[in-house]
Amino acid sequence: MVDLDTFRTETRAWLEANCPPTQRQPSEEFEDTCWGGTKWRFVNEEQRTWLNVMAERGWTAPDWPAEYGGGGLDREHVKVLRQEMAAIGARQPLFSMGLSMIGPALLKYGTEAQKQQHIPNIVAGKIWWCQGYSEPNFGSDLAGLQTRCEDKGDHYLVNGQKVWTSYANMADWMFCLVRTDPDAAKHAGISLVLFDVNQPGVSIKPIRLISGKSPFCETFLDDVIVDKGQLVGEINKGWELASYLLTHEREMIGSMGQGNAHEQSLPEHAVEQVGLENGILADSALRTDIAGWEIDNMAYQFTAERIGDEAKSGQGVGAASSMLKYAGTELNKRRHELNLGIQGTQALAWEGEAFKKGLVASQWLRTKGNSIEGGTSEIQLNIISKRILGLGASK
Amino acid sequence: MALVLNEEQSMLKESAKGFLQEHAPVEALRTLRDERDEVGYSKDLWQQMAELGWAGILIDEAHGGLDFGHVGMGQVMEENGRTLTASPLLSTAILGVSAISLAGNTEQKTALLPAIAEGKLVATLAVDSGSRHKPLNVGVTAISKGSGFTLSGEKRFVVDGHVADKLIVSARTSGREGDSEGITLFVIDSNAPGVDIERVIMADSFNSSIIRFADVKVAADAVLGELDKGAAALQQVLDIGNAYLSAELVGISQEVLERTVAYMNERKQYGALIGSYQSLQHRAAHLFSEIELAKSVVIKLLQSLDEGGDNVPLLASVAKAKVSEVATLATNEAVQLHGGIGMTDELEIGFFMKRARVAEQLLGDQRFHINRFAALNGY
Chain A
15 MVDLDTFRTE TRAWLEANCP PTQRQPSEEF EDTCWGGTKW RFVNEEQRTW LNVMAERGWT
75 APDWPAEYGG GGLDREHVKV LRQEMAAIGA RQPLFSMGLS MIGPALLKYG TEAQKQQHIP
135 NIVAGKIWWC QGYSEPNFGS DLAGLQTRCE DKGDHYLVNG QKVWTSYANM ADWMFCLVRT
195 DPDAAKHAGI SLVLFDVNQP GVSIKPIRLI SGKSPFCETF LDDVIVDKGQ LVGEINKGWE
255 LASYLLTHER EMIGSMGQGN AHEQSLPEHA VEQVGLENGI LADSALRTDI AGWEIDNMAY
315 QFTAERIGDE AKSGQGVGAA SSMLKYAGTE LNKRRHELNL GIQGTQALAW EGEAFKKGLV
375 ASQWLRTKGN SIEGGTSEIQ LNIISKRILG LGASK
Chain B
2 MALVLNEEQS MLKESAKGFL QEHAPVEALR TLRDERDEVG YSKDLWQQMA ELGWAGILID
62 EAHGGLDFGH VGMGQVMEEN GRTLTASPLL STAILGVSAI SLAGNTEQKT ALLPAIAEGK
122 LVATLAVDSG SRHKPLNVGV TAISKGSGFT LSGEKRFVVD GHVADKLIVS ARTSGREGDS
182 EGITLFVIDS NAPGVDIERV IMADSFNSSI IRFADVKVAA DAVLGELDKG AAALQQVLDI
242 GNAYLSAELV GISQEVLERT VAYMNERKQY GALIGSYQSL QHRAAHLFSE IELAKSVVIK
302 LLQSLDEGGD NVPLLASVAK AKVSEVATLA TNEAVQLHGG IGMTDELEIG FFMKRARVAE
362 QLLGDQRFHI NRFAALNGY
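Chains A and B, in that order, are what the protein sequence lines are.
Going by this note's numbering, the first sequence opens with residue 15, and the numbers climb by one from there.
Going by this note's numbering, the second sequence opens with residue 2, and the numbers climb by one from there.
Below is the structure:
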């Protein structure tokens with residue numbers, strides 16, 4: 015691998031030459047960041063180009079092995095790439111659950127055939143993956159899930175219902191937790207399987223949220239056929255994979271709402287909306303709230319950095335992702351409440367081009383789910399209590 | 002730089018922990034309080050701490066110190082927060098040393114720093130003139146008289162004032178209260194004629210004092226740093242002081258959390274450990290999360306101090322604001338989760354609560370630093 019300085023110079027020049035102008039603007043709408051897959055509609059040619067040139071270098075997944083199409087970069091080189099992208103405000107060329115969740119799981123637990131089949135398609139953004147976890151009666155108590163998966167000799171047959179399946183209506187494939195042994199203890203009879211959702215037996219119904227958007231679906235599975243080669247890891251050992259994936263999900267959700275460097279900060283926004291009097295924000299109560307939030311946000315950022323550094327050096331506590339998920343999502347909810355305070359009544363406009371079709375209100379409402387999805391805040395507090403603090407363990 | 006301790010820093014932390022827990026646990030502070038000790042700390046203990054090199058952690062090697070850096074000293078202060086050890090570490094080895102190192106000339110450094118490193122000289126910083134931290138309202142005037150100066154006025158809540166040999170005093174040599182221009186730092190003998198020091202017993206049983214200056218005459222060489230331009234160095238010293246108060250407050254918070262969790266796993270009500278009740282578990286878990294956030298801002302600030310980062314003022318206010326909030330929460334929750342026994346003087350939790358509030362107030366509380374943070378960011 016080339017040394018970091020050379021890599022930085024080359025990367026800067028390459029990005030300058032290859033990142034199209036529209037892909038350097040802040041991502042505002044959902045569609046502005048490409049999720050890929052067969053059903054994706056590129057908002058313009060530049061979005062398509064940006065995905066393709068980045069994917070060609072493996073830089074949609076810069077730290078994945080090059081043999082499966084990844085960038086093959088180490089942690090330090092990835093850091094430089096991210097810094098150089100941030101410096102020009104380059105958007106992520108691809109955002110997906112393939113990249114953040116099932117990809118890392120397959121690289122760790124998958125068979126060679128699974129890696130060869132799925133990883134290059136994730137890197138290239140060709141397949142959109144969705145996650146089949148929660149069920150109508152098993153949300154927080156995920157391990158109680160009841161979707162059945164029976165061995166039919168040359169294939170598996172899956173029956174049941176999933177809910178809160180993110181963008182199942184846009185997806186191509188699902189990674190799905192199923193019960194393979196109904197008689198075993200609840201954590202011991204679960205497996206993880208992969209299947210194409212574009213097949214008979216899979217029906218999908220979007221759920222309209224309070225935000226007006228439908229990022230989640232109900233997914234009904236009736237006699238869905240699953241190839242036997244698509245079982246990930248060992249049969250009935252799926253809970254370990256589920257835990258691994260949940261950790262990734264917690265980290266992903268916890269770090270959302272960090273905004274990007276080019277987004278207007280809350281203080282900038284407030285100065286614009288409220289104005290300064292003698293150099294001080296004209297609404298002193300709002301000023302205190304914003305400064306308090308900014309301080310907490312810095313504390314959160316430093317903590318994410320510290321926990322990463324501790325993990326790298328073998329220090330630190332396990333279950334740290336629960337702490338970050340809890341703190342990060344509560345912080346993001348507060349950020350959006352503050353944003354309402356800064357913008358005033360216009361933030362609650364629901365329609366009209368002048369109000370970006372209710373974007374502010376819709377985003378604010380969406381954040382209410384952050385402390386529910388991926389394990390509620392209360393579940394994270396349970397994990398901290400038991401696994402870190404050791405509370406309630408009788409002696 | 003990775004936000005973790007290196008091997009030497011970890012070793013210092015471990016040795017500080019071992020030493021303080023063996024020689025100066027909270028029980029020692031209780032004894033000093035109950036016996037109304039005139040010094041307010043053990044001189045023998047301070048001598049031992051100096052022999053371990055702690056008095057000189059921030060002093061360069063040329064002046065007899067270890068030059069071990071801020072991250073290292075931060076670990077000692079954090080451990081100090083766990084044991085509430087009374088000593089001149091804050092007044093002398095942190096505030097005094099920083100002021101002399103940052104502002105002093107060669108003669109002053111040579112005269113003062115080696116003596117501090119050996120544990121033979123106690124120095125302190127007299128900055129506030131009232132009950133609220135306002136570093137630009139100095140409360141003491143220094144009028145040029147012949148080749149020297151005459152100081153008059155009053156300083157309040159000066160740490161270790163009544164046992165200090167040297168007082169580092171911010172005084173106004175020109176301009177008006179509130180101006181940053183016109184502040185000068187002086188090093189003054191505590192026994193100089195006209196200096197009256199009154200010890201003030203605080204809730205936390207640590208040393209504090211009121212110092213009155215009545216026409217105190219000092220020579221020109223008492224000026225520490227540049228005439229009229231002392232505010233910049235003073236502000237750096239205050240940022241350093243706040244870094245260590247924050248480190249101490251993290252130690253306090255972590256200690257009371259651990260003690261509270263241990264109690265929750267021991268105390269039974271309705272036939273079950275109170276730690277098995279979810280309503281209490283969640284309060285402890287929330288506190289854990291907040292303390293993790295607090296730890297990160299402190300190590301970030303200490304590293305930035307060692308690197309000479311230009312974001313030190315901002316990070317100092319981030320740290321003091323966040324850590325003060327967390328330490329208040331931690332000590333309040335500790336009392337509440339202990340229940341009635343948490344209200345008793347016999348349990349040590351109360352000592353931590355009292356020290357936390359005093360440390361929070363010193364050099365600016367949470368609200369002071371929220372205001373400063375916003376101002377530094379231009380809003």
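Here a beta-carbon is modelled for each residue, glycine too, at the ideal position from N, C-alpha and C.
Delimiting residues of the beta strand (DSSP E) encompassing residue i
| i | result |
| --- | --- |
| Met188(A) | 187-193 |
| Tyr383(B) | Lying before the first or after the last residue shown, residue 383(B) is absent from chain B, which here runs from 2 to 380. |
| Ile300(B) | That residue, Ile300(B), is in no beta strand (DSSP E); its alpha helix (DSSP H) goes 279-308. |
| Tyr170(A) | 169-180 |
| Ser114(A) | Careful: Ser114(A) lies outside any beta strand (DSSP E) and carries neither H nor E. |
| Glu199(B) | 196-202 |
| Ile253(B) | Unbroken run through Ile253(B) is the alpha helix (DSSP H), 231-265; no beta strand (DSSP E). |
| Gly146(A) | 143-146 |
| Val40(B) | That residue, Val40(B), is in no beta strand (DSSP E); it is neither H nor E in DSSP. |
| Glu389(B) | As displayed, chain B neither begins before 2 nor continues past 380, which places residue 389(B) out of reach and without an answer. |
Contacts of residue i in chain B (Cβ-Cβ under 7 Å)
| i | result |
| --- | --- |
| Gly306(A) | Ile371 |
| Leu403(A) | Val262, Ala285, Ala286, Phe289 |
| Ala119(A) | Those do not exist, as Ala119(A) stays about 27 Å from chain B at its closest Cβ, beyond 7 Å. |
| Ala299(A) | Residues of chain B passing the Cβ test: none, with the nearest at roughly 12 Å. |
Neighbour list for residue i in chain B, Cβ cutoff strictly below 9 Å
| i | result |
| --- | --- |
| Ala407(A) | Asn266, Leu274, Gly276, Ser277 |
| Thr179(A) | Here the premise fails: no neighbours, minimum Cβ distance about 29 Å. |
| Thr302(A) | Arg368, Ile371, Asn372, Ala375 |
Three-state class that DSSP yields for residue i in the structure shown
| i | result |
| --- | --- |
| Thr332(B) | helix |
| Asn274(A) | Bear in mind that a pLDDT of 48 at Asn274(A), under 50, signals an unreliable position, so the number given afterwards is only what the model happens to contain. The answer is coil: DSSP assigns Asn274(A) none of H, G, I, E or B. |
| Lys409(A) | Annotation note: pLDDT 49 at Lys409(A) (below 50); position unreliable, coordinate value reported separately. Three-state result, Lys409(A): coil. |
| Ile58(B) | coil |
| Ser318(B) | helix |
| Ser153(B) | strand |
| Asp236(A) | strand |
| Val123(B) | coil |
| Ile204(A) | strand |
| Asp68(B) | coil |
| Asp303(A) | helix |
Residue range of the unbroken alpha helix (DSSP H) whose run includes residue i
| i | result |
| --- | --- |
| Gln287(A) | 280-288 |
| Val217(B) | Where Val217(B) is concerned, there is no enclosing alpha helix (DSSP H), although the beta strand (DSSP E) it sits in stretches over 208-219. |
| Asn341(A) | At residue 341(A) the sequence reads Ala, which differs from the Asn that was named. Where Ala341(A) is concerned, the enclosing alpha helix (DSSP H) stretches over 334-357. |
| Thr63(A) | 59-70 |
| Leu186(B) | That residue, Leu186(B), is in no alpha helix (DSSP H); its beta strand (DSSP E) goes 184-190. |
| Leu395(A) | 391-397 |
| Thr142(B) | It is not in any alpha helix (DSSP H) - Thr142(B) instead sits in the beta strand (DSSP E) that spans 141-146. |
Identity of the residue in the options nearest residue i by Cα
| i | options | result |
| --- | --- | --- |
| Glu349(B) | Ile241(B), Ser99(B), Asn372(B), Arg260(B) | Arg260(B) |
| Phe187(B) | His64(B), Gln109(B), Gly176(B) | Gln109(B) |
| Glu59(A) | Val94(A), Phe44(A), Pro107(A), Ala100(A) | Pro107(A) |
| Ile267(A) | Gly243(A), Leu235(A), Ser336(A) | Ser336(A) |
| Leu364(B) | Ala375(B), Leu303(B), Asn138(B), Val5(B) | Asn138(B) |
| Ala165(B) | Ile253(B), Ser210(B), Asp45(B) | Ser210(B) |
| Glu319(A) | Ser297(B), Val98(B), Gly57(B) | Ser297(B) |
| Gly19(B) | Gly57(B), Thr84(B), Ala29(B) | Thr84(B) |
| Glu8(B) | Asp61(B), Phe69(B), Asn266(B), Ala375(B) | Phe69(B) |
| Ser180(A) | Ala202(A), Gln97(A), Gly146(A) | Gly146(A) |
| Glu365(A) | Asp310(A), Ser225(A), Ile321(A), Glu248(A) | Ser225(A) |
| Val159(B) | Ile198(B), Ala263(B), Gly310(B), Leu33(B) | Ile198(B) |
| Thr151(B) | Arg157(B), Ala221(B), Asn243(B), Pro136(B) | Ala221(B) |
| Lys129(A) | Gln357(A), Ser327(A), Asp186(A), Gly243(A) | Gly243(A) |
Partners in chain A for residue i, counting only beta-carbon separations shorter than 7 Å
| i | result |
| --- | --- |
| Lys301(B) | Phe316 |
| Ser297(B) | Ala313, Phe316, Thr317, Arg320 |
| Val313(B) | By Cβ distance, chain A contributes nothing, its closest Cβ being about 14 Å from Val313(B), past 7 Å. |
Beta-carbon separation (whole angstroms), residue i vs residue j, contact threshold 8 Å
| i | j | result |
| --- | --- | --- |
| Ala124(B) | Ile117(B) | 6 Å |
| Met115(A) | Glu263(A) | 6 Å |
| Trp378(A) | Arg348(A) | 11 Å between Cβ atoms; not a contact. |
Chain-ordered neighbours of residue i on chain A, where CB pairs are closer than 9 Å
| i | result |
| --- | --- |
| Ala100(B) | By Cβ distance, chain A contributes nothing, its closest Cβ being about 27 Å from Ala100(B), past 9 Å. |
| Val1(B) | There is no way to answer for residue 1(B), as the model of chain B reaches only from 2 to 380. |
| Gln282(B) | Leu395, Asn396, Ile398, Ser399, Lys400, Leu403, Leu405, Gly406 |
Residues that residue i contacts on chain A, provided the C-beta gap is smaller than 8 Å
| i | result |
| --- | --- |
| Val319(B) | Ile309, Met312, Ala313 |
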